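> Could you have a look at this structure, given as C-alpha coordinates, before my questions?
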Amino acid sequence: MASDPRREFLFLNQSLSSTPRSQREKELQDADRRAHAARNSRLKRPVPQAEDEAVSSSRRSPKRLSRRSVDDDVQQDSDDSTLPVIRQKLAVRPKTPERPQIVHGLSLVPKSFTSTTSLGQANYDPFDTGPVSGLPPFIYDILEHLLNQDPITTERYEVMRRRDAQEIPFILHAQIVNAGGHRLRLLPANHQSRSLVARAVSYHERKTLEAVADIVQKNPMPPWKSIILALLLVTWPAGTHEEEPSRYPVSPMAKAQNLHLFNNMELTPGRIQQIQRFYRTLEPLGGIDGSPLPDHCHVFSLADTFVSTRLGVRPLWPWPNKLRYACEAFKDLVLDPRAFQLSLVMGRGFSCVQIPGLLRALMLACRATLGIDLYHRKAPAAPIIRDICTVRNAVQHQLCSLDPPLDLVPSHEDSLYNMVRLAALIYSDLVLFPLGESVSIKLQLAYDLRKALELFFTGETLEEQMERELTVWCLTMGAMAAHGTVHQEWYVMQLSRSLREDRRLLDWILFQTLMSHFLWWDYVLQPRCWDVWNEAAQQIQIHLEGSSSPSP
1 MASDPRREFL FLNQSLSSTP RSQREKELQD ADRRAHAARN SRLKRPVPQA EDEAVSSSRR
61 SPKRLSRRSV DDDVQQDSDD STLPVIRQKL AVRPKTPERP QIVHGLSLVP KSFTSTTSLG
121 QANYDPFDTG PVSGLPPFIY DILEHLLNQD PITTERYEVM RRRDAQEIPF ILHAQIVNAG
181 GHRLRLLPAN HQSRSLVARA VSYHERKTLE AVADIVQKNP MPPWKSIILA LLLVTWPAGT
241 HEEEPSRYPV SPMAKAQNLH LFNNMELTPG RIQQIQRFYR TLEPLGGIDG SPLPDHCHVF
301 SLADTFVSTR LGVRPLWPWP NKLRYACEAF KDLVLDPRAF QLSLVMGRGF SCVQIPGLLR
361 ALMLACRATL GIDLYHRKAP AAPIIRDICT VRNAVQHQLC SLDPPLDLVP SHEDSLYNMV
421 RLAALIYSDL VLFPLGESVS IKLQLAYDLR KALELFFTGE TLEEQMEREL TVWCLTMGAM
481 AAHGTVHQEW YVMQLSRSLR EDRRLLDWIL FQTLMSHFLW WDYVLQPRCW DVWNEAAQQI
541 QIHLEGSSSP SP
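Following the working numbering, the numbering of the sequence shown begins with 1 at its first residue and continues without gaps.
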(Lines of atoms letter the chains of each structure in order from A and count residues from 1; the text may use other names and numbers.)
(Lines give C-alpha, C1' and ligand atoms only; values in the text may rest on other atoms or scores of the structure.)
Protein backbone atom coordinates (compact mmCIF):
# COMPACT_ATOMS: atom_id res chain seq x y z
CA MET A 1 0.00 0.00 0.00
CA ALA A 2 1.54 3.27 -1.04
CA SER A 3 2.05 5.70 1.80
CA ASP A 4 1.09 9.32 1.79
CA PRO A 5 3.97 11.24 0.13
CA ARG A 6 3.56 13.99 2.69
CA ARG A 7 4.42 11.53 5.44
CA GLU A 8 7.39 9.90 3.77
CA PHE A 9 10.58 10.52 5.63
CA LEU A 10 13.84 9.01 6.74
CA PHE A 11 13.78 5.88 8.92
CA LEU A 12 15.31 5.80 12.33
CA ASN A 13 15.55 3.40 15.27
CA GLN A 14 14.03 4.74 18.43
CA SER A 15 15.02 3.65 21.89
CA LEU A 16 12.09 2.50 23.98
CA SER A 17 14.00 2.67 27.22
CA SER A 18 13.46 6.39 27.68
CA THR A 19 10.86 7.61 30.10
CA PRO A 20 7.53 8.28 28.34
CA ARG A 21 6.47 11.89 28.27
CA SER A 22 2.75 11.30 27.87
CA GLN A 23 0.11 8.63 28.47
CA ARG A 24 -0.23 8.09 24.72
CA GLU A 25 3.51 7.48 24.36
CA LYS A 26 3.45 5.03 27.32
CA GLU A 27 0.67 3.05 25.69
CA LEU A 28 2.58 2.89 22.41
CA GLN A 29 5.74 1.72 24.14
CA ASP A 30 3.85 -0.96 26.09
CA ALA A 31 2.25 -2.23 22.89
CA ASP A 32 5.61 -2.46 21.15
CA ARG A 33 7.11 -4.33 24.09
CA ARG A 34 4.29 -6.87 24.03
CA ALA A 35 4.69 -7.34 20.29
CA HIS A 36 8.43 -7.78 20.68
CA ALA A 37 7.98 -10.32 23.47
CA ALA A 38 5.44 -12.27 21.41
CA ARG A 39 7.76 -12.45 18.42
CA ASN A 40 10.72 -13.63 20.48
CA SER A 41 8.74 -16.18 22.50
CA ARG A 42 7.33 -17.64 19.29
CA LEU A 43 10.83 -18.07 17.90
CA LYS A 44 12.26 -19.63 21.07
CA ARG A 45 9.30 -21.91 21.89
CA PRO A 46 10.30 -25.62 21.53
CA VAL A 47 8.66 -27.67 18.79
CA PRO A 48 5.88 -29.85 20.34
CA GLN A 49 6.37 -33.62 20.07
CA ALA A 50 4.03 -35.85 18.13
CA GLU A 51 1.34 -37.66 20.10
CA ASP A 52 2.71 -41.20 19.48
CA GLU A 53 6.18 -40.12 20.55
CA ALA A 54 4.77 -38.77 23.79
CA VAL A 55 2.95 -42.08 24.54
CA SER A 56 5.98 -44.25 23.82
CA SER A 57 8.11 -42.05 25.96
CA SER A 58 5.73 -42.41 28.88
CA ARG A 59 5.71 -46.21 28.51
CA ARG A 60 9.48 -46.40 28.56
CA SER A 61 9.54 -44.66 31.92
CA PRO A 62 8.86 -47.39 34.57
CA LYS A 63 8.76 -44.94 37.37
CA ARG A 64 7.17 -41.58 37.75
CA LEU A 65 9.79 -38.92 38.00
CA SER A 66 9.82 -37.35 41.40
CA ARG A 67 11.22 -33.92 41.91
CA ARG A 68 12.04 -32.10 45.03
CA SER A 69 12.92 -28.51 45.01
CA VAL A 70 15.03 -26.79 47.55
CA ASP A 71 15.14 -23.07 48.20
CA ASP A 72 18.76 -22.13 48.25
CA ASP A 73 20.03 -18.62 48.60
CA VAL A 74 22.78 -18.09 46.12
CA GLN A 75 24.78 -15.02 46.95
CA GLN A 76 27.58 -13.56 44.88
CA ASP A 77 31.06 -13.74 46.35
CA SER A 78 31.45 -10.12 47.19
CA ASP A 79 31.64 -8.06 50.33
CA ASP A 80 29.38 -5.45 48.80
CA SER A 81 25.93 -5.95 50.31
CA THR A 82 24.32 -3.64 47.80
CA LEU A 83 24.51 -6.15 44.92
CA PRO A 84 21.24 -7.91 44.17
CA VAL A 85 20.54 -11.39 45.58
CA ILE A 86 19.32 -14.03 43.11
CA ARG A 87 17.04 -16.73 44.49
CA GLN A 88 17.21 -19.81 42.25
CA LYS A 89 15.23 -23.09 42.32
CA LEU A 90 17.49 -26.18 42.55
CA ALA A 91 16.00 -29.48 41.26
CA VAL A 92 17.12 -33.14 41.34
CA ARG A 93 18.43 -34.24 37.96
CA PRO A 94 16.03 -36.84 36.46
CA LYS A 95 17.22 -40.12 35.01
CA THR A 96 15.78 -39.30 31.61
CA PRO A 97 18.10 -36.87 29.85
CA GLU A 98 16.55 -33.54 28.99
CA ARG A 99 17.53 -30.88 26.57
CA PRO A 100 19.90 -28.49 28.34
CA GLN A 101 18.55 -25.01 28.93
CA ILE A 102 20.66 -21.92 29.24
CA VAL A 103 19.76 -19.66 32.16
CA HIS A 104 20.87 -16.08 31.86
CA GLY A 105 21.66 -14.13 34.97
CA LEU A 106 20.11 -10.79 35.70
CA SER A 107 21.78 -7.92 33.92
CA LEU A 108 22.37 -4.72 35.83
CA VAL A 109 22.30 -2.73 32.58
CA PRO A 110 18.82 -2.37 31.05
CA LYS A 111 18.53 -3.59 27.49
CA SER A 112 17.20 -1.18 24.90
CA PHE A 113 14.84 -2.45 22.27
CA THR A 114 14.79 -0.73 18.92
CA SER A 115 12.22 -0.76 16.20
CA THR A 116 12.31 0.75 12.76
CA THR A 117 9.32 2.94 12.00
CA SER A 118 8.46 5.77 9.68
CA LEU A 119 8.60 9.17 11.27
CA GLY A 120 5.18 10.58 11.98
CA GLN A 121 3.46 7.15 11.82
CA ALA A 122 3.71 6.23 15.49
CA ASN A 123 4.55 9.47 17.32
CA TYR A 124 8.13 8.51 17.96
CA ASP A 125 10.39 11.21 19.32
CA PRO A 126 13.07 11.90 16.68
CA PHE A 127 15.13 13.91 19.15
CA ASP A 128 15.43 11.27 21.86
CA THR A 129 18.85 10.73 23.39
CA GLY A 130 18.78 7.02 22.64
CA PRO A 131 20.89 5.45 19.92
CA VAL A 132 19.72 6.55 16.51
CA SER A 133 20.51 4.74 13.31
CA GLY A 134 19.16 5.34 9.86
CA LEU A 135 19.20 9.13 10.26
CA PRO A 136 22.32 10.45 8.48
CA PRO A 137 24.89 11.56 11.08
CA PHE A 138 25.39 14.99 9.54
CA ILE A 139 21.65 15.70 9.87
CA TYR A 140 21.66 14.53 13.47
CA ASP A 141 24.63 16.82 14.14
CA ILE A 142 23.02 19.90 12.67
CA LEU A 143 19.79 19.22 14.55
CA GLU A 144 21.75 19.36 17.80
CA HIS A 145 22.73 22.91 16.89
CA LEU A 146 19.12 23.96 17.39
CA LEU A 147 19.70 23.63 21.14
CA ASN A 148 22.06 26.62 21.04
CA GLN A 149 19.61 28.95 22.75
CA ASP A 150 19.39 30.93 25.95
CA PRO A 151 20.02 28.42 28.81
CA ILE A 152 16.95 29.72 30.61
CA THR A 153 14.60 28.85 27.74
CA THR A 154 16.46 25.88 26.24
CA GLU A 155 14.32 23.24 27.94
CA ARG A 156 11.05 24.91 26.98
CA TYR A 157 12.11 25.26 23.33
CA GLU A 158 13.31 21.66 23.29
CA VAL A 159 9.93 20.35 24.49
CA MET A 160 8.05 22.51 21.96
CA ARG A 161 10.30 21.40 19.12
CA ARG A 162 9.91 17.72 19.94
CA ARG A 163 6.16 17.96 20.20
CA ASP A 164 5.83 19.83 16.91
CA ALA A 165 8.07 17.34 15.09
CA GLN A 166 6.00 14.41 16.38
CA GLU A 167 2.60 15.85 15.55
CA ILE A 168 3.39 17.41 12.15
CA PRO A 169 5.95 15.50 10.03
CA PHE A 170 6.92 18.44 7.83
CA ILE A 171 8.05 20.37 10.91
CA LEU A 172 11.14 18.17 11.11
CA HIS A 173 11.81 18.87 7.44
CA ALA A 174 11.77 22.57 8.29
CA GLN A 175 13.99 22.08 11.33
CA ILE A 176 16.60 20.30 9.21
CA VAL A 177 16.50 23.16 6.70
CA ASN A 178 16.82 25.66 9.54
CA ALA A 179 19.90 24.09 11.09
CA GLY A 180 21.36 22.83 7.81
CA GLY A 181 21.46 26.30 6.32
CA HIS A 182 23.54 27.53 9.21
CA ARG A 183 25.81 24.48 9.08
CA LEU A 184 26.36 25.09 5.38
CA ARG A 185 27.56 28.64 6.00
CA LEU A 186 30.00 27.47 8.66
CA LEU A 187 31.70 24.96 6.36
CA PRO A 188 34.72 26.12 4.35
CA ALA A 189 34.28 26.67 0.63
CA ASN A 190 36.14 23.49 -0.36
CA HIS A 191 34.78 21.23 2.38
CA GLN A 192 33.80 17.76 1.21
CA SER A 193 30.47 17.86 3.07
CA ARG A 194 29.17 21.05 1.49
CA SER A 195 27.49 19.33 -1.46
CA LEU A 196 25.88 16.75 0.83
CA VAL A 197 24.51 19.36 3.23
CA ALA A 198 23.36 21.55 0.33
CA ARG A 199 21.40 18.67 -1.22
CA ALA A 200 19.85 17.85 2.15
CA VAL A 201 18.79 21.46 2.69
CA SER A 202 17.34 21.71 -0.82
CA TYR A 203 15.48 18.41 -0.49
CA HIS A 204 13.93 19.15 2.90
CA GLU A 205 13.08 22.71 1.91
CA ARG A 206 11.21 21.41 -1.14
CA LYS A 207 9.39 18.83 0.98
CA THR A 208 8.37 21.48 3.49
CA LEU A 209 6.98 23.87 0.91
CA GLU A 210 5.20 21.08 -1.00
CA ALA A 211 3.54 19.84 2.18
CA VAL A 212 2.47 23.35 3.19
CA ALA A 213 1.03 24.10 -0.26
CA ASP A 214 -0.81 20.77 -0.33
CA ILE A 215 -2.34 21.28 3.11
CA VAL A 216 -3.47 24.82 2.35
CA GLN A 217 -5.17 23.68 -0.87
CA LYS A 218 -6.87 20.55 0.45
CA ASN A 219 -7.66 21.39 4.07
CA PRO A 220 -10.44 23.93 4.63
CA MET A 221 -9.07 24.54 8.14
CA PRO A 222 -5.30 24.15 7.79
CA PRO A 223 -3.08 24.10 10.91
CA TRP A 224 -1.93 27.69 10.62
CA LYS A 225 0.23 27.47 13.74
CA SER A 226 2.31 24.62 12.32
CA ILE A 227 2.44 26.16 8.84
CA ILE A 228 3.69 29.47 10.20
CA LEU A 229 6.29 27.71 12.33
CA ALA A 230 7.55 25.71 9.34
CA LEU A 231 7.81 28.79 7.12
CA LEU A 232 9.65 30.67 9.86
CA LEU A 233 12.16 27.85 10.20
CA VAL A 234 12.70 27.64 6.45
CA THR A 235 12.98 31.38 5.91
CA TRP A 236 15.14 32.41 8.87
CA PRO A 237 17.93 29.93 9.61
CA ALA A 238 19.02 29.32 13.18
CA GLY A 239 22.45 29.37 14.77
CA THR A 240 24.94 31.98 15.85
CA HIS A 241 26.95 33.86 13.28
CA GLU A 242 30.37 34.37 14.84
CA GLU A 243 31.32 38.01 14.52
CA GLU A 244 34.87 39.28 14.72
CA PRO A 245 35.66 41.15 17.95
CA SER A 246 35.07 44.88 17.65
CA ARG A 247 37.49 47.52 18.89
CA TYR A 248 34.51 49.53 20.12
CA PRO A 249 31.85 48.61 22.69
CA VAL A 250 28.85 46.75 21.27
CA SER A 251 25.32 47.61 22.29
CA PRO A 252 23.60 45.07 24.59
CA MET A 253 20.69 45.13 22.14
CA ALA A 254 22.77 43.30 19.53
CA LYS A 255 21.74 39.92 20.96
CA ALA A 256 18.46 40.93 22.55
CA GLN A 257 15.49 38.95 21.21
CA ASN A 258 18.07 36.84 19.28
CA LEU A 259 18.56 39.64 16.77
CA HIS A 260 22.03 38.27 15.98
CA LEU A 261 20.49 35.02 14.70
CA PHE A 262 18.84 36.92 11.84
CA ASN A 263 22.29 37.86 10.56
CA ASN A 264 22.48 34.31 9.16
CA MET A 265 19.73 35.00 6.64
CA GLU A 266 20.99 35.51 3.10
CA LEU A 267 18.64 37.79 1.22
CA THR A 268 18.95 36.11 -2.15
CA PRO A 269 16.16 36.46 -4.77
CA GLY A 270 14.91 33.01 -3.79
CA ARG A 271 14.80 34.00 -0.12
CA ILE A 272 12.88 37.15 -0.95
CA GLN A 273 10.34 35.02 -2.84
CA GLN A 274 9.95 32.85 0.25
CA ILE A 275 9.28 35.94 2.35
CA GLN A 276 6.65 37.10 -0.14
CA ARG A 277 5.08 33.63 -0.06
CA PHE A 278 5.09 33.83 3.72
CA TYR A 279 3.35 37.21 3.46
CA ARG A 280 0.62 35.75 1.20
CA THR A 281 0.16 32.85 3.63
CA LEU A 282 -0.61 35.27 6.45
CA GLU A 283 -3.09 37.31 4.42
CA PRO A 284 -6.06 34.95 5.08
CA LEU A 285 -5.36 35.34 8.80
CA GLY A 286 -5.46 39.12 8.65
CA GLY A 287 -1.73 39.73 8.54
CA ILE A 288 0.39 39.84 11.66
CA ASP A 289 -2.58 40.76 13.85
CA GLY A 290 -4.26 37.48 12.88
CA SER A 291 -1.39 35.29 14.08
CA PRO A 292 -2.62 32.62 16.50
CA LEU A 293 -0.04 33.23 19.24
CA PRO A 294 1.19 36.51 20.79
CA ASP A 295 4.80 35.36 20.48
CA HIS A 296 4.34 34.99 16.72
CA CYS A 297 3.31 38.64 16.53
CA HIS A 298 6.59 39.69 18.14
CA VAL A 299 8.65 37.43 15.89
CA PHE A 300 6.88 38.50 12.69
CA SER A 301 7.26 42.20 13.44
CA LEU A 302 10.96 41.71 14.28
CA ALA A 303 11.57 39.70 11.11
CA ASP A 304 9.72 42.19 8.93
CA THR A 305 11.66 45.07 10.45
CA PHE A 306 14.95 43.24 9.99
CA VAL A 307 14.32 42.54 6.30
CA SER A 308 13.28 46.13 5.60
CA THR A 309 16.41 47.36 7.41
CA ARG A 310 18.69 45.09 5.40
CA LEU A 311 17.11 45.99 2.06
CA GLY A 312 16.50 49.66 2.80
CA VAL A 313 12.80 49.44 1.92
CA ARG A 314 9.50 49.93 3.68
CA PRO A 315 8.26 47.06 5.87
CA LEU A 316 5.78 44.65 4.30
CA TRP A 317 3.29 44.95 7.16
CA PRO A 318 2.18 47.98 9.16
CA TRP A 319 3.02 47.95 12.84
CA PRO A 320 0.67 45.41 14.53
CA ASN A 321 -2.30 46.74 16.45
CA LYS A 322 -1.54 44.23 19.20
CA LEU A 323 1.79 46.02 19.79
CA ARG A 324 0.52 49.56 19.33
CA TYR A 325 1.15 50.23 23.03
CA ALA A 326 4.91 50.25 22.34
CA CYS A 327 4.62 53.55 20.46
CA GLU A 328 3.59 55.28 23.70
CA ALA A 329 5.77 53.28 26.07
CA PHE A 330 8.37 54.44 28.60
CA LYS A 331 6.70 57.78 29.32
CA ASP A 332 6.51 56.86 33.00
CA LEU A 333 9.98 55.38 33.54
CA VAL A 334 11.34 55.60 37.08
CA LEU A 335 14.66 57.36 36.50
CA ASP A 336 17.67 57.36 38.79
CA PRO A 337 19.75 60.59 39.04
CA ARG A 338 22.00 59.68 36.12
CA ALA A 339 19.13 58.79 33.79
CA PHE A 340 17.25 61.88 34.94
CA GLN A 341 20.12 64.15 33.89
CA LEU A 342 20.22 62.37 30.54
CA SER A 343 16.48 62.86 30.04
CA LEU A 344 16.73 66.63 30.62
CA VAL A 345 18.87 67.22 27.53
CA MET A 346 18.26 64.29 25.16
CA GLY A 347 16.13 65.27 22.17
CA ARG A 348 16.24 69.04 22.76
CA GLY A 349 18.20 69.57 19.55
CA PHE A 350 15.36 68.26 17.38
CA SER A 351 13.14 71.28 17.96
CA CYS A 352 13.73 72.47 14.37
CA VAL A 353 12.36 69.19 12.91
CA GLN A 354 8.85 69.86 11.59
CA ILE A 355 7.83 66.47 10.12
CA PRO A 356 5.43 64.84 12.66
CA GLY A 357 6.23 61.21 11.76
CA LEU A 358 9.97 61.73 12.05
CA LEU A 359 9.62 63.70 15.28
CA ARG A 360 7.53 60.93 16.88
CA ALA A 361 10.14 58.33 15.94
CA LEU A 362 12.95 60.50 17.37
CA MET A 363 11.17 61.02 20.69
CA LEU A 364 10.39 57.31 20.98
CA ALA A 365 14.06 56.58 20.27
CA CYS A 366 15.03 58.91 23.14
CA ARG A 367 12.77 57.03 25.55
CA ALA A 368 14.11 53.69 24.30
CA THR A 369 17.66 54.93 24.95
CA LEU A 370 16.72 55.79 28.54
CA GLY A 371 15.33 52.28 29.01
CA ILE A 372 18.50 50.70 27.59
CA ASP A 373 20.67 52.86 29.86
CA LEU A 374 18.72 51.79 32.95
CA TYR A 375 18.83 48.15 31.92
CA HIS A 376 22.55 48.21 31.11
CA ARG A 377 23.45 49.80 34.45
CA LYS A 378 21.10 47.36 36.24
CA ALA A 379 19.14 50.14 37.87
CA PRO A 380 16.51 48.98 40.39
CA ALA A 381 13.57 50.26 38.32
CA ALA A 382 14.94 49.26 34.91
CA PRO A 383 12.39 47.90 32.41
CA ILE A 384 12.61 44.27 31.37
CA ILE A 385 14.47 43.42 28.19
CA ARG A 386 11.32 42.12 26.46
CA ASP A 387 9.63 45.52 26.74
CA ILE A 388 12.79 47.30 25.58
CA CYS A 389 12.95 45.05 22.51
CA THR A 390 9.35 45.78 21.61
CA VAL A 391 9.96 49.53 21.84
CA ARG A 392 13.20 49.46 19.85
CA ASN A 393 11.48 47.37 17.15
CA ALA A 394 8.74 49.99 16.99
CA VAL A 395 11.37 52.74 16.60
CA GLN A 396 13.13 50.90 13.78
CA HIS A 397 9.82 50.11 12.08
CA GLN A 398 8.84 53.78 12.14
CA LEU A 399 12.22 54.90 10.79
CA CYS A 400 12.09 52.34 7.97
CA SER A 401 8.55 53.43 7.12
CA LEU A 402 9.69 57.00 6.42
CA ASP A 403 10.19 57.58 2.70
CA PRO A 404 13.01 59.70 1.27
CA PRO A 405 12.09 62.88 -0.64
CA LEU A 406 10.73 62.28 -4.12
CA ASP A 407 12.27 65.34 -5.77
CA LEU A 408 15.75 65.05 -7.20
CA VAL A 409 16.48 68.52 -5.87
CA PRO A 410 14.52 68.64 -2.61
CA SER A 411 13.62 71.77 -0.73
CA HIS A 412 15.47 72.97 2.35
CA GLU A 413 12.93 71.37 4.68
CA ASP A 414 12.99 68.09 2.78
CA SER A 415 16.80 68.02 2.81
CA LEU A 416 16.83 68.63 6.56
CA TYR A 417 14.25 65.88 7.04
CA ASN A 418 16.21 63.40 4.91
CA MET A 419 19.57 63.91 6.60
CA VAL A 420 18.03 63.61 10.07
CA ARG A 421 16.20 60.45 9.00
CA LEU A 422 19.43 58.84 7.77
CA ALA A 423 21.43 59.96 10.82
CA ALA A 424 18.74 58.45 13.08
CA LEU A 425 19.01 55.15 11.18
CA ILE A 426 22.77 55.17 11.79
CA TYR A 427 22.19 55.80 15.49
CA SER A 428 19.72 52.93 15.59
CA ASP A 429 22.21 50.64 13.86
CA LEU A 430 24.78 51.48 16.54
CA VAL A 431 22.58 51.45 19.66
CA LEU A 432 18.96 50.33 19.22
CA PHE A 433 18.84 47.86 16.33
CA PRO A 434 22.49 46.89 15.73
CA LEU A 435 23.13 44.41 12.95
CA GLY A 436 26.31 42.35 12.81
CA GLU A 437 29.32 43.56 10.88
CA SER A 438 28.87 40.66 8.45
CA VAL A 439 25.61 42.24 7.22
CA SER A 440 26.37 45.83 8.17
CA ILE A 441 24.37 48.58 6.51
CA LYS A 442 26.59 51.40 7.78
CA LEU A 443 28.40 51.82 4.46
CA GLN A 444 25.15 52.29 2.53
CA LEU A 445 23.77 54.67 5.14
CA ALA A 446 27.01 56.66 5.16
CA TYR A 447 26.83 57.02 1.37
CA ASP A 448 23.16 58.08 1.41
CA LEU A 449 23.78 60.57 4.21
CA ARG A 450 26.73 62.06 2.34
CA LYS A 451 24.54 62.67 -0.71
CA ALA A 452 21.84 64.25 1.46
CA LEU A 453 24.37 66.52 3.19
CA GLU A 454 25.90 67.60 -0.12
CA LEU A 455 22.46 68.70 -1.34
CA PHE A 456 21.84 70.45 1.96
CA PHE A 457 25.15 72.35 1.83
CA THR A 458 24.50 73.56 -1.74
CA GLY A 459 21.19 75.10 -0.75
CA GLU A 460 20.42 77.99 1.54
CA THR A 461 22.95 79.25 4.04
CA LEU A 462 22.38 77.97 7.55
CA GLU A 463 21.38 81.02 9.51
CA GLU A 464 19.88 79.36 12.56
CA GLN A 465 22.18 78.05 15.25
CA MET A 466 19.92 75.01 15.81
CA GLU A 467 20.30 73.86 12.23
CA ARG A 468 24.08 74.26 12.36
CA GLU A 469 24.28 72.17 15.52
CA LEU A 470 21.94 69.58 14.03
CA THR A 471 24.22 69.39 11.00
CA VAL A 472 27.24 68.77 13.26
CA TRP A 473 25.40 65.84 14.87
CA CYS A 474 24.54 64.39 11.45
CA LEU A 475 28.16 64.75 10.33
CA THR A 476 29.35 62.99 13.47
CA MET A 477 26.95 60.09 12.98
CA GLY A 478 28.00 59.79 9.34
CA ALA A 479 31.70 59.88 10.24
CA MET A 480 31.24 57.05 12.75
CA ALA A 481 29.36 54.98 10.17
CA ALA A 482 31.98 55.69 7.49
CA HIS A 483 34.91 54.59 9.65
CA GLY A 484 37.35 52.61 7.51
CA THR A 485 35.54 53.40 4.23
CA VAL A 486 36.18 55.74 1.30
CA HIS A 487 33.72 58.25 2.78
CA GLN A 488 35.61 58.74 6.04
CA GLU A 489 37.90 61.48 4.67
CA TRP A 490 34.98 63.53 3.36
CA TYR A 491 33.12 63.41 6.69
CA VAL A 492 36.23 64.35 8.68
CA MET A 493 36.91 67.28 6.35
CA GLN A 494 33.33 68.58 6.69
CA LEU A 495 33.39 68.14 10.45
CA SER A 496 36.71 69.96 10.64
CA ARG A 497 35.19 72.89 8.75
CA SER A 498 32.30 73.00 11.25
CA LEU A 499 34.78 73.05 14.14
CA ARG A 500 36.63 75.99 12.58
CA GLU A 501 33.36 77.91 12.23
CA ASP A 502 32.46 77.30 15.88
CA ARG A 503 35.65 77.29 17.94
CA ARG A 504 33.75 76.27 21.08
CA LEU A 505 33.48 72.74 19.67
CA LEU A 506 37.27 72.40 19.77
CA ASP A 507 36.75 71.67 23.46
CA TRP A 508 36.01 67.96 23.87
CA ILE A 509 33.68 68.44 26.85
CA LEU A 510 31.59 71.03 25.04
CA PHE A 511 31.45 68.84 21.95
CA GLN A 512 30.11 65.90 24.01
CA THR A 513 27.56 68.20 25.63
CA LEU A 514 26.30 69.26 22.21
CA MET A 515 25.97 65.63 21.06
CA SER A 516 23.91 64.77 24.17
CA HIS A 517 21.18 67.19 22.97
CA PHE A 518 20.29 64.76 20.18
CA LEU A 519 20.18 60.96 20.10
CA TRP A 520 23.18 59.86 22.12
CA TRP A 521 24.41 57.10 24.45
CA ASP A 522 27.94 57.44 25.81
CA TYR A 523 28.60 53.73 26.39
CA VAL A 524 28.53 52.90 22.66
CA LEU A 525 29.21 56.24 20.97
CA GLN A 526 31.79 58.03 23.11
CA PRO A 527 34.85 55.94 22.03
CA ARG A 528 33.86 56.24 18.37
CA CYS A 529 33.14 59.94 18.68
CA TRP A 530 36.51 60.61 20.31
CA ASP A 531 38.36 59.14 17.32
CA VAL A 532 36.30 61.17 14.86
CA TRP A 533 36.57 64.45 16.79
CA ASN A 534 40.28 63.97 17.43
CA GLU A 535 40.99 63.43 13.72
CA ALA A 536 38.99 66.52 12.75
CA ALA A 537 40.69 68.62 15.43
CA GLN A 538 44.13 67.50 14.28
CA GLN A 539 43.38 68.73 10.77
CA ILE A 540 42.59 72.15 12.19
CA GLN A 541 45.84 72.14 14.11
CA ILE A 542 47.77 71.20 10.96
CA HIS A 543 45.99 73.96 9.04
CA LEU A 544 46.80 76.56 11.70
CA GLU A 545 50.43 75.52 11.85
CA GLY A 546 50.71 75.66 8.06
CA SER A 547 49.14 79.13 7.85
CA SER A 548 51.26 80.56 10.68
CA SER A 549 54.59 79.35 9.28
CA PRO A 550 56.50 82.09 7.39
CA SER A 551 56.63 81.73 3.67
CA PRO A 552 60.11 81.21 2.16
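Don't be surprised by glycine CBs; every beta carbon is placed ideally from N, CA and C.
Remember, it's a predicted structure, so these values are computed and weren't measured experimentally.
1. Decide if the stretch 477-492 is in contact with the stretch 526-543; the criterion is three or more beta carbon pairs, one per stretch, under 8 Å apart.
2. What does the Cβ neighbour count give for residue 321, buried or exposed, with the cut at 16 atoms within 10 Å?
3. What's the gap between the Cα of residue 30 and the Cα of residue 162?
4. Among 540, 526, 539, 166, which one has its Cα closest to the Cα of residue 247?
5. Give the straight-line distance between the Cα atoms of residue 427 and residue 359, rounded to the nearest whole angstrom.
6. Alpha carbon to alpha carbon, how far is residue 206 from residue 293? Give it in angstroms, no decimals.
7. Only counting runs of 4 or more residues, tell me where the alpha helix (DSSP H) segments fall wholly within the stretch 320-406, in order along the chain.
8. Which of the three DSSP states is assigned to residue 283 in this structure?
9. Can you tell me which of 303, 230, 283, 445 puts its alpha carbon nearest to the alpha carbon of residue 482?
10. For residue 310 and residue 439, what's the separation of their Cα atoms in angstroms?
11. How would you write the range of the alpha helix (DSSP H) that residue 477 sits in, first residue to last?
12. Measuring only the C-alpha atoms, how far is residue 193 from residue 187?
13. I need the DSSP call for residue 248, collapsed to helix, strand or coil.
14. Quick one: grab the DSSP three-state call for residue 525.
15. Give me the Cα-Cα distance between residue 296 and residue 229, rounded to the nearest whole angstrom.
16. Measure the Cβ-Cβ separation of residue 412 and residue 319 and say whether it is below 8 Å.
17. For residue 251, which residues of its own chain have a beta-carbon under 6 Å away from its beta-carbon, when the five flanking residues on both sides are left out?
18. Do you know whose CA, among 496, 492, 458, 388, lies nearest residue 325's CA?
19. Please report how far the alpha carbon of residue 415 lies from the alpha carbon of residue 508, in whole angstroms.
20. Compute the Euclidean distance between the alpha carbons of residue 356 and residue 363, then round it to the nearest angstrom.
21. Identify whether residue 299 lies in helix, strand or coil by the three-state DSSP scheme.
22. Give a yes or no on whether the minimum CB-CB distance between residue 189 and chain C is below 8 Å.
23. Starting from residue 181, trace the alpha helix (DSSP H) both ways and give me its first and last residue.
24. Select from 181, 195, 185, 209 the residue whose C-alpha is nearest the C-alpha of residue 170.
25. Provide the residue span of the alpha helix (DSSP H) that contains residue 513, from first to last.
26. Assign residue 340 to buried or exposed, taking buried as 16 or more other Cβ atoms, counted over all protein chains shown, within 10 Å of its Cβ.
27. With distances taken between CB atoms, is the gap from residue 347 to residue 366 smaller than 8 Å?
28. Please report the straight-line C-alpha distance between residue 275 and residue 288, rounded to a whole angstrom.
Taking the geometry as given:
1. yes
2. exposed
3. 21 Å
4. 526
5. 15 Å
6. 26 Å
7. 337-345, 356-376, 385-401
8. helix
9. 445
10. 8 Å
11. 465-481
12. 8 Å
13. coil
14. helix
15. 9 Å
16. no
17. 431, 434, 524
18. 388
19. 29 Å
20. 11 Å
21. helix
22. In the structure shown, chain C cannot be found, because there is only a single protein chain.
23. 169-186
24. 209
25. 508-515
26. exposed
27. yes
28. 13 Å
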